[in-house]
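Enquirer: My structure is below; once you've seen it, I'll send some questions.
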């Protein structure tokens, strides 16, 4: 697998990576400006998206999560297909890491985006809506934070690098 990565056209690969990031960022900026209303907000991520923009943001983010999940699954299958060249224990560690990262990261995002998308269907006061959004954000933050622990406990190289820095 490293030989495939070495043969990759890096400029083209990075171009498409940056293009996808730029398009999604531009889409988010469009949602913010198109649905903008002059009002006071409490600083949190969904507050910059007014009215229906928060639902559109949640739906598009869910689509990005589906794409990320697909990439994780394809990577897992590619590693599994080329597993004969890897040591069994090394392959098992890689599988475990991919599965755990996928579960924690994408689950956190999926739960948060689902809760954010459904808040428009609920009749809530502004105070309760803020509490609801803050509760929803716990899952994505937990998913992001847990990745460090997954990498730390499943990768000797990662653990050594962290030990070297601290």
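Numbering (this note's numbering), first residue to last: 41 to 206.
Positions of the beta carbon are idealized from the N, C-alpha and C atoms, including for glycine.
These numbers were taken from a predicted model, which means no experiment stands behind them.
Where residue 165 and residue 90 are concerned, what is the direct C-alpha to C-alpha distance, given to the nearest angstrom?
Expert: Whole-angstrom Cα-Cα distance: 15 Å.
Enquirer: Taking the C-alpha atoms as reference points, what is the distance between residue 192 and residue 180?
Expert: Between residue 192 and residue 180, the C-alpha separation is close to 19 Å.
Enquirer: Assuming residue 146 and residue 108 form a contact by the criterion Cβ under 8 Å, report the distance between their Cβ atoms to the nearest whole angstrom.
Expert: Confirmed, Cβ separation roughly 6 Å.
Enquirer: Can you give me the start and stop residues for the alpha helix (DSSP H) that residue 88 sits inside?
Expert: Here residue 88 belongs to no alpha helix (DSSP H), and DSSP marks it neither H nor E.
Enquirer: Roughly how far, in whole angstroms, is the beta-carbon of residue 102 from the beta-carbon of residue 153, given that I think they are within contact range, below 8 Å?
Expert: Confirmed, about 5 Å.
Enquirer: What does the alpha-carbon distance come out to for the pair residue 95 and residue 199?
Expert: One C-alpha to the other measures close to 39 Å.
Enquirer: Once DSSP output is grouped into helix, strand and coil, what is the label at residue 79?
Expert: Three-state DSSP puts residue 79 in coil, outside helix and strand.
Enquirer: Just confirm the distance between the C-beta atoms of residue 61 and residue 93, as a whole number of angstroms; I'd bet it's less than 8 Å.
Expert: With a Cβ gap of about 20 Å, residue 61 and residue 93 do not count as contacting.
Enquirer: Straight-line CA distance for residue 74 to residue 53?
Expert: Taking the straight line joining both Cα atoms gives about 31 Å.
Enquirer: So what's residue 49 in DSSP terms, helix, strand or just coil?
Expert: Three-state result, residue 49: coil.
Enquirer: For residue 157, collect the residues of the same chain with a Cβ closer than 7 Å to its Cβ; drop the 5 residues on either side in sequence, then sort them by chain order.
Expert: Same-chain partners within the cutoff: 95, 98, 99.
Enquirer: Over the uninterrupted alpha helix (DSSP H) stretch that includes residue 109, give me the two end residues.
Expert: Unbroken alpha helix (DSSP H) run through residue 109: 93-121.
Enquirer: To the nearest angstrom, how far is the alpha carbon of residue 120 from that of residue 143?
Expert: Roughly 18 Å separates the two Cα atoms.
Enquirer: Specify, as a first and last residue, the run of the alpha helix (DSSP H) that residue 209 falls within.
Expert: Residue 209 is absent from the model: the chain starts at 41 and stops at 206.
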